[in-house]
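Student: The structure that follows is given in the form of structure tokens.
Number of protein chains: 2
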Amino acid sequence: SVNPDLASERQTASFSVEKLTALLDGGVEQTRIRRAVVDAIESDPVFSRENQYFQTQNERYEAAVKKAVHLQKKMHEMGWTENGPEYKYIYRALSGDVAFLLHRVFMRSISMLGSDKQIAKWIPLATQHKLIGSYAQTELGHGTYLQGLETTAVFDTATQEFILNTPKISAMKWWPGDMGRSATHTVVFAQLYVHGKCYGIHPFIVQIRSLQDHSLCPGVTAGDIGPKMNFEHIDNGYLLLKNVRIPRENMLSKFCEVRPDGTYVRQGSQKINYFTMTSVRISLIADEVLTPLMKACTIAIRYSVVRRQSKLKPGEQEAKILDYQTQQEKVLPQLAAAYAFHFTNDYLQELFNRGYREIQRKNFDMLPELHALSSGFKAMITQHCTAGVEICLRACGGHGYSLLSGLPSLYTKILASCIYEGENTILLLQTARFLIKCFMAVSAGQPVPPSVTYLAAVKPRKCPAKNKLDFLSPDIYTEAYQHVAVRLISSTAAKLQDLIQSGVKKHDAWNQCTVQLVQAAKAHCHYIAVKNFAETVEKLETKAGIQKIMKHLCDLFALHGIFSNTGAFLHDGYTSAAQMDMVTASYLDLLAVVRKDAVPLVDAFDFTDKSLNSALGSYDGQAYQRLYEWAQKSPTNQMSPAYERYLKPLLHNTLSKL
Amino acid sequence: SVNPDLASERQTASFSVEKLTALLDGGVEQTRIRRAVVDAIESDPVFSRENQYFQTQNERYEAAVKKAVHLQKKMHEMGWTENGPEYKYIYRALSGDVAFLLHRVFMRSISMLGSDKQIAKWIPLATQHKLIGSYAQTELGHGTYLQGLETTAVFDTATQEFILNTPKISAMKWWPGDMGRSATHTVVFAQLYVHGKCYGIHPFIVQIRSLQDHSLCPGVTAGDIGPKMNFEHIDNGYLLLKNVRIPRENMLSKFCEVRPDGTYVRQGSQKINYFTMTSVRISLIADEVLTPLMKACTIAIRYSVVRRQSKLKPGEQEAKILDYQTQQEKVLPQLAAAYAFHFTNDYLQELFNRGYREIQRKNFDMLPELHALSSGFKAMITQHCTAGVEICLRACGGHGYSLLSGLPSLYTKILASCIYEGENTILLLQTARFLIKCFMAVSAGQPVPPSVTYLAAVKPRKCPAKNKLDFLSPDIYTEAYQHVAVRLISSTAAKLQDLIQSGVKKHDAWNQCTVQLVQAAKAHCHYIAVKNFAETVEKLETKAGIQKIMKHLCDLFALHGIFSNTGAFLHDGYTSAAQMDMVTASYLDLLAVVRKDAVPLVDAFDFTDKSLNSALGSYDGQAYQRLYEWAQKSPTNQMSPAYERYLKPLLHNTLSKL
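Protein chains in written order, with my numbering: chain A, 1 to 658; chain B, 1 to 658.
Here it is, written out as structure tokens:
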């Protein structure tokens, strides 16, 4: 039976939940396929995550390996293929709780970086799981700055082998997934040396464990890097190589080759490599970042209507906590952000597909823009969504702090997305570098990519809003965001030039501007996100109430951004103090409007109870019942040796009843 | 051997580290005592936390019980008493990793709420550990709003007993520490009923487990609430009571008593109760909030000088990451905040002691101010420090995400401080209520407590700063903070009055202002913190470089607050855009200044390697070495059954070497 406090929220939905779900999925047919995958996965006990919060790191790892092996069988059974329409839903249905994800990266890197001969040899072996692959790039002392990697691969002409070494501790490979305990092979990135000359970083296929008994190969030291905030199911590993010899053919050689006599040959364009990072950064947004935020919103909002606390009006029942303005101000902007970034992701996907088509035609013109947008949005979205999950967690008070709420593990997992695939600050600085370059180009009257043409547009000097309702006009707030982005980019460009002109060296000048460059890059991405949300809403069908509620969310997303960062808008007087008070009024009004549809809006995400795995966020809203049931299953409710060992002697056992 | 990249940082300290340590401790003698306690605790293997990151919740609990029992012995051995000067350092030296902390709360509540007779009976039993106590207030459905508690205690005149019941699931006691597995007794808060009439919430001593065999008493259901984000060592518990009878004498009756015939008698003043919450909120700041932030700063800053990444200047060695402006902007403001709040804590302690003396003399006048300040600062400091620890964690990139860095557990623990002992938003609203009341009083020409007299002062209309150096003047920035606090308090008071005058009911009007009331309360606390830091610096001795470096940190704390919240200062034109650019310039300059002393400033916190328990933050800076050593000890590097069970069959075992 559904908790009546939750049921009542669903009766007043202003729109069709099912229609909104289909919109999010990209069509009714997609919804059907997704649900079929979810059903198949969730009805199979091997894939259960029921005991997840009670398991040790070792148990999590073992379960993930078991699931990965079982998944092969399942896919065969269900007729799912890697190219089929179901494939993209499988990982999400498993909540990523499965091993051998790096095996896919291993395969992808061979496909992208290997010669046809190498592909023909290794891909079938990997596909049939005759080996387990990994991808060893990051080192203990080296992450984002790839040129700094220290592992060496020296070509030995005599034996036609590369000799791989870890020259010092900071050169040890560290973090690669699936490598700590599972992988038999890995792609090692190392500095290539031929005849004493260094040719920079290249990829090499290295066997690290025996295929007979899984023991480590000679010269190889490897293991698991130990406990982490999350990803207990993944055996992130370390790898130390001592004179490990591999055949010449194991250097992935689509772009570069070492001939038998040691001649180094570079061939083809490496620009496509650049494109890979872009692809990874965009592809992680949906599953690794948006899904956790959507889950957190679902949990926090459902809980906020079944939790009652204090009295809003004297003499009445205690109020649902979602009726408090402060609670609305915590969770509803996160909900708006989840929708906003869902549409940003659509925008990026489209841009990416366009770029991909161009690249197929050997046109690399879109690459700088794609790189800048994918870097900036990866940073911005991971940052916002991580903060959003944390806010949802805190908004559930003490119960949010229990692992059983599901929120802590969503948080500790999404947090990693701020660091992996490019640390956020570094990514924002890459976006900033692109923006400064484009700003200079625009100033010199040169053409720039579409997403930055706004840098050239002439702006009104003041925001034209006259009353608080004007701030519900997308033109008004989009212009404001645009103005701020232009101001921050242009003022930082000016500072940079001033410093250089005053004699500061270029690199120092850049460093002295980086805090502001980061702000400028964020402002650019925020502007694009708001503009894209507003344009998306414009195009939505007006029936079934969808457009109307999406408009509210778009307004909320935009005004929350202004309300939380008023200084950027007030700084040069573009927005006046009186206008800022209108923003505040409109923003607070909107909270009360969106609050009415909050539960239907999270229902539309269509998460099953099993996928939420949360005692607080279930569809029926029986939060307390579930917390109690789950707690009873905790291993901490089994007999502890502590009583006999410590408590009994302490209590002296002298009294029976005081 | 100390990593030379760290050693070089210490050679250029602008001040005496030892003198600063003594200042933080409150004198040379205090430093000596603290170090003696730390030595004694850390040299005892029972108190080791070496394996902490590898242990399960059950193992953590058992170790904590063992430590608690051993601590009794240790104290006796060392001649430490609960009233001695060493006592306050013990908990910190243990990093709080010990059981029976609620036993002390149990004792305190009896001392405060019990009659002399009750104190005489129970305190000796508790002191001698003939029972283990707990404190059962929070329920599954009820936290901060105590009046909403649902547990009942019905007086039965016939048997002279109270009959305790948990009428429904939301009334179940939930979260009390030490209750899940250890406690034999607990203080239960329940609605008192006599002859069918409800007299509200009262405290009752209830035995829940047998002293013979530790089995649950008749009618009692209790257990552990399961996994949490942290506090694995504590058995937070649940408790369900079914017709549990306790003697009339077990109602704690210093203030209220039920006579044998059922007459309810209220006696004495309960105002002191109010004071207890204040005391708890202030006392948690040092150990639960400041220490974790100081540890996080120590780890992140030491790591930031041994980690090198990318080149700042072409042709040079890779740069220490602390030389990047963006890294400085992450960690250095947290360092400044740690010092700022250390002095805020001194201020609160002093205020509290003064209040306590007054109360002894039956003067309760200081209570409202004390309550407002302790609530607001508890919220503000826990919020800032939690965010600060998270920033430190992220600033260490991937390695910060490893439990071995020590940062994840600091974060997951400090996060709880935002929720317990009063959820932060609710506390800020209590402060806001006080501020609004005082603002009204001031407007009516009535006297107000010292901390809010500024509400009456006439303000200059514009910030007088003329250049960026003016913003290094405490008068300039303190005035700015004061101005913002007054503006937010007065404008919210005006909105509240407008709403009420326009016919909105008082409670609705309050709710519609709460987002802004929270902002006002934060601004008030921020102002007091800045003002207090500036006044403290003023009074410091000028020798040994202490005052100078503290002045830099004070400036940094103040300017970071403005830089991060420019809108509040720009809003009504108090600060102009040109002035805000000066703030930014001064702020960024300061980062480079404080960066030079960053390592000595964290060294002054004087944490031992054992107390940091961090592979990244050790005094010798051998971060990579330590990460590798620790990872090798992880249980995940033991043989896993996954190979035989899943990997071997998967790999078919057909190939030996590819």
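Think of the CB as a built atom: it goes at the ideal place given N, C-alpha and C, for glycine as much as any other residue.
1) Taking three-plus beta-carbon pairs below 8 Å as touching, is the region 315-324 of chain B in contact with the region 349-360 of chain B?
2) Does any residue of chain A have a CB that is nearer than 7 Å to the CB of Lys66(B)?
3) Rank Trp175(B), Gln516(B), Val244(B) by C-alpha distance to the C-alpha of Pro227(B) and give the top, closest one.
4) Return the chain-ordered list of same chain residues with a C-beta closer than 8 Å to the C-beta of Asp213(A), the five sequence neighbours on each side being excluded.
5) May I ask you to report which of helix, strand or coil DSSP gives Glu257(A)?
6) Run through chain A and tell me which residues come within less than 7 Å of Ser634(B), C-beta to C-beta.
7) Under 8 Å, with one C-beta from each stretch per pair, do the region 145-152 of chain A and the region 118-132 of chain A reach the 3-pair mark?
8) Does Cys198(B) pass the burial test, meaning 16 or more other C-beta atoms within 10 Å, or should it be called exposed?
9) Which first and last residues belong to the alpha helix (DSSP H) in which Gln55(A) is found?
10) For Pro450(A) and Gln349(A), what's the separation of their Cα atoms in angstroms?
11) Is Thr654(B) helix, strand or coil when you go by DSSP?
12) Got a sec: is the Cβ-Cβ distance from Pro511(A) to anything in chain B below 7 Å?
13) Ile169(A) and Leu140(A) look like a contact to me (Cβ under 8 Å); what is the Cβ gap, rounded to whole Å?
14) Since I believe Glu161(B) is in contact with Ile282(B) (beta carbons under 8 Å), could you give me their beta-carbon distance rounded to a whole number of angstroms?
15) Spell out a yes or no on whether the region 472-483 of chain A and the region 566-581 of chain A are touching, meaning 3 or more CB-CB pairs, one atom from each, closer than 8 Å.
16) Please report whether the beta-carbon of Arg32(A) lies at a distance below 7 Å from any beta-carbon of chain B.
17) Since Lys551(B) is in the alpha helix (DSSP H), which residue starts that stretch and which ends it?
18) Looking at the C-beta of Arg357(B), does it have a partner C-beta in chain D at a distance below 7 Å?
19) Using a threshold of 7 Å, state whether the C-beta atoms of Ala36(A) and Val28(A) are closer than that.
20) For Leu579(B), decide whether its Cβ has a neighbour in chain A, counting only Cβ atoms nearer than 7 Å.
21) Determine the DSSP secondary structure at Arg209(B), reduced to helix, strand or coil.
22) Is the region 591-603 of chain A in contact with the region 504-516 of chain A, if contact means three or more CB pairs nearer than 8 Å?
23) Pick out whichever of Val504(B), Val46(B), Glu77(B) has its Cα sitting closest to the Cα of Lys691(B).
24) Pull up the CB-CB distance for Val38(B) and Ala604(B), whole angstroms please, since I reckon it's below 8 Å.
25) Considering only their Cβ atoms, is the gap separating Phe189(B) from Ile201(B) smaller than 7 Å?
26) Taking beta-carbon pairs under 7 Å, can you tell me which members of the region 258-292 of chain B lie near chain A?
27) How is Arg361(B) classed by DSSP in three states: helix, strand or coil?
28) Could you tell me whether any non-hydrogen atom of the ligand GTP is closer than 6 Å to the CB of Phe100(B)?
29) Decide if Leu469(A) is buried, meaning its Cβ has at least 16 other Cβ atoms within 10 Å, or exposed.
30) Would Ser405(B) and Ser611(B) qualify as a contact pair, given that the criterion is a beta-carbon distance under 7 Å?
31) Pull up the distance between the alpha-carbon of Gln632(A) and that of Ser417(B), whole angstroms please.
32) Can you tell me which of the three DSSP states Phe189(B) falls into?
33) State yes or no: is the beta carbon of Tyr574(A) nearer than 7 Å to at least one beta carbon in chain B?
34) Nearest to Gln328(B) by CA position, among Leu370(B), Leu71(B), Cys396(B), Ser111(B), is which residue?
35) Where does Ile132(A) sit, in a helix, a strand or coil, going by DSSP?
36) Contact defined as beta carbons within less than 8 Å: I believe Val602(A) pairs with Leu211(A). What is the distance between those atoms, to the nearest angstrom?
Tutor: Let me lay it out:
1) Put simply, the region 315-324 of chain B does not touch the region 349-360 of chain B. Fewer than three CB pairs are less than 8 Å apart.
2) At least one C-beta of chain A is nearer than 7 Å to the C-beta of Lys66(B).
3) That would be Trp175(B), whose Cα lies nearest to the Cα of Pro227(B).
4) Hits under 8 Å: none found.
5) Per DSSP, reduced to three states, the secondary structure at Glu257(A) is strand.
6) Those are Asp224, Gly226, Pro227, listed as they occur along chain A.
7) No: fewer than three Cβ pairs fall under 8 Å.
8) So Cys198(B) counts as exposed.
9) Going by DSSP, Gln55(A) is part of no alpha helix (DSSP H) at all; its letter is neither H nor E.
10) Cα to Cα, the separation comes out at about 16 Å.
11) Any reading at Thr654(B) must be qualified, since the residue scores a pLDDT of 47, below 50, and its modelled position is unreliable; the value itself is stated next. DSSP places Thr654(B) in coil when its eight states are reduced to three.
12) The displayed chain sequence assigns Asn, not Pro, to residue 511(A). Yes - at least one Cβ of chain B is within 7 Å of the one on Asn511(A).
13) For Ile169(A) against Leu140(A), the beta-carbon gap comes to about 6 Å, under 8 Å, which counts as contact.
14) Not really, about 38 Å apart at Cβ, beyond 8 Å.
15) A contact exists between the region 472-483 of chain A and the region 566-581 of chain A.
16) For Arg32(A), not one C-beta of chain B is nearer than 7 Å to its own C-beta.
17) Under the DSSP assignment, Lys551(B) falls in the alpha helix (DSSP H) whose first and last residues are 546-563.
18) Judged by its chain identifiers, the structure shown contains no chain D, and its protein chains are A and B.
19) Not in contact: Ala36(A) and Val28(A) (Cβ atoms no closer than 7 Å).
20) One point to set straight first is that residue 579(B) is Gln, not Leu, in the sequence displayed. Output row for Gln579(B): interface = no.
21) Shown here, Arg209(B) sits in a strand according to DSSP, grouped into three states.
22) Counting C-beta pairs closer than 8 Å gives fewer than three between the region 591-603 of chain A and the region 504-516 of chain A, which falls short of the contact rule.
23) The structure shown does not extend to residue 691(B), since chain B is modelled only from 1 through 658, so no value can be given for it.
24) Taking C-beta atoms under 8 Å as the contact rule, Val38(B) and Ala604(B) fail to qualify, at a distance of about 15 Å.
25) Taking 7 Å as the Cβ cut-off, Ile201(B) and Phe189(B) qualify as a contacting pair.
26) Residues: none.
27) Correct three-state label for Arg361(B): coil.
28) The ligand GTP is absent from the structure shown, which contains no ligands of any kind.
29) With fewer than 16 Cβ atoms within 10 Å of its Cβ, Leu469(A) is classed as exposed.
30) No, Cβ-Cβ distance for Ser405(B) and Ser611(B) is not below 7 Å.
31) Taking C-alpha positions only, Gln632(A) is separated from Ser417(B) by approximately 26 Å.
32) Of the three classes helix, strand and coil, the one that applies to Phe189(B) here is strand, per DSSP.
33) For Tyr574(A), not one C-beta of chain B is nearer than 7 Å to its own C-beta.
34) Cα-wise, what sits closest to Gln328(B) is Cys396(B).
35) Of the three classes helix, strand and coil, the one that applies to Ile132(A) here is coil, per DSSP.
36) Actually they do not touch by this definition, with Cβ atoms about 48 Å apart.
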